[in-house]
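Before any comments, here is the structure.
Number of protein chains: 2
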Amino acid sequence: MTTPDRANDSAASADSASAPAAKPRKDPHELPDVSGLTVGVLGGTGPQGRGLAYRLAKAGQAVVIGSRSAERAGTAAAELAELPGGAGVRGADNATTAAESDIVIVAVPWEGHGDLLTALREQLAGKIVVDCVNPLGFDKKGAYALKPAEGSAAEQAAALLPDSRVTAAFHHLSAVLLQDPEIEKIDTDVLVLGEEREATDIVQALAGRIDGMRGVFAGRLRNAHQVESLVANLISVNRRYKAHAGLRITDV
Amino acid sequence: MTTPDRANDSAASADSASAPAAKPRKDPHELPDVSGLTVGVLGGTGPQGRGLAYRLAKAGQAVVIGSRSAERAGTAAAELAELPGGAGVRGADNATTAAESDIVIVAVPWEGHGDLLTALREQLAGKIVVDCVNPLGFDKKGAYALKPAEGSAAEQAAALLPDSRVTAAFHHLSAVLLQDPEIEKIDTDVLVLGEEREATDIVQALAGRIDGMRGVFAGRLRNAHQVESLVANLISVNRRYKAHAGLRITDV
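In the order they appear, the protein sequences are chains X and F. Note that our numbering has the first sequence beginning at 1, numbered continuously upward. Note that our numbering has the second sequence beginning at 253, numbered continuously upward.
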């Protein structure tokens with residue numbers, strides 16, 4: 001068995017060797033101000049997308065909900081606007097949502113993931129893309145992880161969007177809790193993955209805007225599959241304990 | 253994207269349909285008394301194995317450390333016995349450890365996992381086996397998940413040990429913290445996976461014996477791969493935050 005500590009020790013040495021001594025390491029808790037950025041949510045009319053849009057709007061973020069149909073997006077936005085703190089969400093078709101946002105959260109079903117991103121490559125160029133898709137299958141024994149050819153939904157996004165800054169985050173949230181206006185705090189950390197520090201810092205900061213949440217850096221996209229498919233385990237937790245389970249990382 | 257809640261709702265209905273109304277569901281927090289059981293730790297001379305053996309002994313459990321060499325196992329046990337609360341650990345070769353224990357934790361390196369279990373099939377028959385092996389690779393970018401042919405280390409164990417009660421747990425522990433006698437509490441939940449409720453309940457109860465830990469049921473063995481490989485992400489967390497990260501499940 002490989003232990004995190006031993007691995008960490010050797011990995012940390014490798015890290016120190018590659019970083020010049022003159023350049024002090026950045027404080028990982030120091031994150032940028034993202035309050036002025038517009039957040040788009042592709043698939044924003046589904047439960048998770050709606051929930052995230054609501055929480056981000058409640059936190060003061062400008063939010064655009066995207067859908068194939070601009071009309072359905074508008075209806076969903078109008079419904080959220082009636083909830084306390086839900087003003088500031090507007091709706092648009094997916095292409096407009098992508099084009100008009102600084103950060104674009106991908107919250108579509110796995111089945112439509114590849115086609116949608118292929119179609120939006122141009123609108124998503126230069127944007128921070130946050131993939132939160134969990135490729136899962138279901139049978140009578142419950143949920144199980146699907147195995148995307150690219151390794152994970154996030155790596156598929158990175159392959160299809162070479163001009164975007166692809167990250168992965170927001171996988172383990174309860175859509176029920178996100179959408180419930182009676183719930184003030186969402187008690188969970190958000191694991192943020194990506195290749196580029198500036199982009200993951202921005203996504204961590206965005207997660208931290210939502211009351212109760214914290215964005216924690218958790219590695220490169222090649223380690224996204226297990227984060228995405230851990231949702232299958234949380235579903236088992238939810239069944240056994242009748243809960244809406246979230247995750248906290250200790251010692252951070 | 254599939255949300256845990258929707259999936260949970262439908263899965264929960266399926267569950268209720270299959271369970272007769274006359275049989276009330278067991279309280280998932282009600283766990284058996286395991287204080288009288290002897291715990292063996294195969295690979296007990298490695299950092300994780302030693303750490304687990306120490307913590308379990310400290311909790312009052314009878315513990316046998318297993319190693320290929322009975323002498324090395326004896327030396328490691330003698331070293332642990334000198335730590336506060338470390339008495340009650342003894343050493344033996346792996347086969348004796350398996351034969352004399354009620355619960356056997358498999359804490360060997362992934363490379364030797366299959367061969368060891370094949371050799372111990374007879375001694376492990378009828379026992380509760382707890383696989384805590386994380387099959388990982390390392391390169392200059394850090395850690396990444398290996399893909400065992402059986403799906404996961406735990407599923408390999410289940411395939412090689414058809415006469416044992418195979419579970420998976422204790423994947424995300426810091427060997428440094430486990431072995432540090434100055435640390436009183438280990439601040440983490442332990443995800444426990446398996447096919448058989450009685451076995452996973454026992455392993456959850458065992459995890460709960462260690463100060464600070466809690467055993468949480470987290471699904472079937474087919475969902476073990478992501479739990480095992482999440483260690484790659486925790487290694488990234490540890491590097492970024494200079495931490496010994498653990499996991500907590502919220503709302504449970």
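A virtual CB, placed ideally from N, CA and C, is assigned to each residue, including glycine. Predicted, not measured: the structure shown is a model, and the values here were computed from it.
Any contact between the stretch 116–127 of chain X and the stretch 81–97 of chain X? By contact I mean 3 or more CB pairs, one from each, below 8 Å. yes
Nearest chain X C-beta to F:PRO280 closer than 9 Å, yes or no? yes
Compare the C-beta of X:GLY209 with all C-beta atoms of chain F and state if any pair is closer than 9 Å. According to the sequence displayed, residue 209 of chain X carries Arg and not Gly. No - not a single Cβ of chain F is within 9 Å of the one on X:ARG209.
State whether the stretch 373–389 of chain F contacts the stretch 331–339 of chain F, with contact taken as three or more CB pairs (one from each stretch) at a distance under 8 Å. no
Backbone secondary structure at F:ALA409 - three-state DSSP: In the three-state reduction of the DSSP assignment, F:ALA409 falls in the helix class, which pools H, G and I.
Determine, using beta carbons only, whether X:ASN223 comes closer than 9 Å to chain F. yes
Please decide whether X:ALA145 counts as near chain F, where near means a Cβ-Cβ distance under 9 Å. yes
Quick check on the DSSP output: the beta strand (DSSP E) that includes X:ALA62 runs from which residue to which? 62–67
So what's X:THR45 in DSSP terms, helix, strand or just coil? coil
Closer than 9 Å between beta carbons: that is the criterion. Which residues of the stretch 228–239 of chain X meet it against chain F? GLU228, SER229, LEU230, VAL231, ALA232, ASN233, LEU234, ILE235, SER236, VAL237, ASN238 and ARG239
Do you know how far the Cα of F:ILE462 is from the Cα of F:GLU323? 27 Å
Report the neighbours of X:ILE103 on chain F: residues whose CB is nearer than 9 Å to its CB, in chain order. Those do not exist, as X:ILE103 stays about 17 Å from chain F at its closest Cβ, beyond 9 Å.
Assess contact between the stretch 389–396 of chain F and the stretch 413–421 of chain F, defined as three or more Cβ pairs (one per stretch) separated by less than 8 Å. Is contact present? The stretch 389–396 of chain F vs the stretch 413–421 of chain F: no contact.
Using a 10 Å radius around the Cβ and a threshold of 16 neighbouring Cβ atoms, would you call X:ARG197 buried or exposed? exposed
What separation, rounded to the nearest whole angstrom, lies between the Cα atoms of F:GLY303 and F:GLY292? Spanning the two alpha carbons is a distance of roughly 13 Å.
Can you give the beta carbon distance from X:ALA245 to F:VAL504, rounded, assuming they're within the 8 Å contact cut? 6 Å
According to DSSP, is X:LEU247 helix, strand or coil? strand
At what residue ranges does the stretch 99–160 of chain X contain a whole run of the alpha helix (DSSP H), taking only runs of 4 or more? 110–119 and 153–160
Assigned secondary structure, X:VAL34 (DSSP; H/G/I helix, E/B strand, else coil): Shown here, X:VAL34 sits in coil according to DSSP, grouped into three states, outside any helix or strand.
Taking the straight line between their C-alpha atoms, what separation do you get for F:GLY343 and X:GLN48? 51 Å
If you follow the alpha helix (DSSP H) that F:LEU332 is part of, which residue opens it and which one closes it? The continuous alpha helix (DSSP H) containing F:LEU332 extends over residues 322–333.
Should F:ALA273 be flagged as near chain X, meaning a C-beta pair shorter than 9 Å? Bear in mind that the predicted position of F:ALA273 carries a pLDDT of just 49, short of 50, making it unreliable; the figure below should be weighed with that in mind. With 9 Å as the cut-off, F:ALA273 does not count as an interface residue toward chain X.
Short CB-CB distance (under 9 Å) between X:SER174 and chain F: yes
Taking Cβ positions only, does X:TYR54 come closer than 9 Å to chain F? So, not an interface residue.
From X:THR75, X:LEU42, X:LEU173 and X:LYS58, residue whose alpha carbon lies closest to that of X:GLY114: Of the candidates X:THR75, X:LEU42, X:LEU173 and X:LYS58, the one whose C-alpha sits nearest the C-alpha of X:GLY114 is X:LEU42.
Status (buried if at least 16 other CB within 10 Å, exposed otherwise) for F:ASP285: exposed
Let me know if X:GLU82 comes out buried or exposed under the rule of 16 or more other beta-carbons within 10 Å of its beta-carbon. exposed
Close Cβ partners of F:ARG472 (< 8 Å) along its chain, the five nearest in sequence each way excluded: LEU445, GLY446 and GLU447
Could you pull out every residue in the same chain whose Cβ sits closer than 6 Å to the Cβ of X:ALA175, ignoring the five residues on either side in sequence? PRO47, GLN48 and GLY51
Whole-angstrom Cβ separation of X:PHE217 and X:PRO28, contact assumed at under 8 Å? 7 Å
Pull the bridge partners of F:VAL504 from the DSSP assignment, please. F:VAL504 pairs with nothing; no bridge assigned.
Would you mind telling me which residues of chain F sit closer than 8 Å to X:LEU42, beta carbon to beta carbon, in chain order? By Cβ distance, chain F contributes nothing, its closest Cβ being about 10 Å from X:LEU42, past 8 Å.
Against chain X, does F:LEU412 count as a neighbour if the rule is that its beta carbon must be under 9 Å from one of theirs? no
Euclidean distance between Cα positions of X:ALA168 and X:LEU247: 16 Å
One question on the structure: do F:VAL489 and X:ILE202 come within less than 9 Å of each other, judged by their Cβ atoms? no
Buried or exposed: where does X:PRO181 fall if 16 or more other Cβ atoms within 10 Å of its Cβ makes it buried? Taking all protein chains in view, the Cβ of X:PRO181 is surrounded by fewer than 16 other Cβ atoms within 10 Å, so the residue is classified as exposed.
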